[in-house]
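See structure below.
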Amino acid sequence: MTKSLFFILLSIVLPFHDFHVSHTTLHHNTEQESIEITVRVAIEDLEKALEIKSPFKLGSSGESKASNTLIYNYFKNHLKISMNEKISDYKWVGKEIAKDLHDIYLFFEISDGQYAEAKSISVENTIFLESVYKQTNIVLIEFGDLNYNLTFTKDDTKKIMALNR
Numbered sequence: 621m622t623k624s625l626f627f628i629l630l631s632i633v634l635p636f637h638d639f640h641v642s643h644t645t646l647h648h649n650t651e652q653e654s655i656e657i658t659v660r661v662a663i664e665d666l667e668k669a670l671e672i673k674s675p676f677k678l679g680s681s682g683e684s685k686a687s688n689t690l691i692y693n694y695f696k697n698h699l700k701i702s703m704n705e706k707i708s709d710y711k712w713v714g715k716e717i718a719k720d721l722h723d724i725y726l727f728f729e730i731s732d733g734q735y736a737e738a739k740s741i742s743v744e745n746t747i748f749l750e751s752v753y754k755q756t757n758i759v760l761i762e763f764g765d766l767n768y769n770l771t772f773t774k775d776d777t778k779k780i781m782a783l784n785r
């Protein structure tokens, strides 16, 4: 009886405690003189943010052929990266569904060079803030010996980091 009551209460409470986090890594690849961007998000949150345009069915055989373009355009508008106050243009590399089928990894690259002289990096991150209540976005910046771990929320969407080397 106690176990049954516990599971009933648990099933009532859990839906009200959704946890929505995206994780982005910006890694400076010194050999390629590029910045590799990896974004991990929940497939459900991504589909919710893009649902206005079409049902995507990401990772399934019925996945929309336009999904890569729509995902790329969404991230270009919601993840802005600047070096020395100049917006960097990044390119779509690809995507991979996680083995647990819950998350999707998105890969982008900035390859306009000149990072050795960079003095600052700015990140504006509004991923899913328009569609997911209490969304938190975490960005890890790996730039040579410097590592920054940044958190973005609805009230805090832009950060500038000095690259003091």
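Counting in the numbering used here, the sequence shown runs from 621 upward without gaps. Ideal placement from N, C-alpha and C gives every residue a C-beta, glycine not left out. Keep in mind that this is a model prediction, so the values were computed, not measured.
Going by the DSSP bridge assignment, what does residue i pair with across the sheet?
i    : result
D776 : T773
Y768 : I761
Y725 : R660, E716
S731 : None; S731 has no bridge partner.
I691 : According to DSSP, I691 bridges with nothing at all.
L699 : N745
K685 : Note: K685 sits in no beta bridge, so no partner.
K706 : M703
S654 : N649
A782 : S740
Report all residues from its chain with a CB closer than 6 Å to the CB of residue i; omit the five preceding and five following residues, and keep chain order.
i    : result
L770 : V759, K779
I655 : L646, H648, I730
I761 : L646, Y768
V743 : I701, V759, K779
V752 : H640, D665
I717 : G679, I724
Taking Cβ to Cβ, would you say residue i is nearer than 8 Å to residue j?
i    : j    : result
I741 : L783 : yes
K719 : I691 : no
K739 : N704 : yes
A669 : F748 : yes
S586 : V661 : Because the chain here runs from 621 to 785, residue 586 falls outside it and cannot be looked at.
Y710 : F727 : no
S644 : H698 : Correcting the residue type first, residue 644 is Thr in the shown sequence and not Ser. Contact flag unset, no.
G733 : E653 : yes
What residue range does the beta strand (DSSP E) around residue i cover?
i    : result
N745 : 740–745
S642 : 641–649
Quick one: what's got a C-beta closer than 7 Å to residue i's C-beta in the same chain, skipping five residues either side?
i    : result
T650 : none
T773 : T756
W712 : N688, Y692, F728
Y694 : A669, L670
M781 : S740, I741, I761, Y768
Which same chain residues, not among the five before or five after residue i, have their C-beta less than 8 Å away from its C-beta?
i    : result
L721 : I663, G679
T777 : E744, N745, T746, L749
K696 : Y710
Could you tell me whether the Cβ of residue i comes closer than 8 Å to any Cβ of chain C?
i    : result
N757 : Protein chains in the displayed structure number just one, and chain C is not present.
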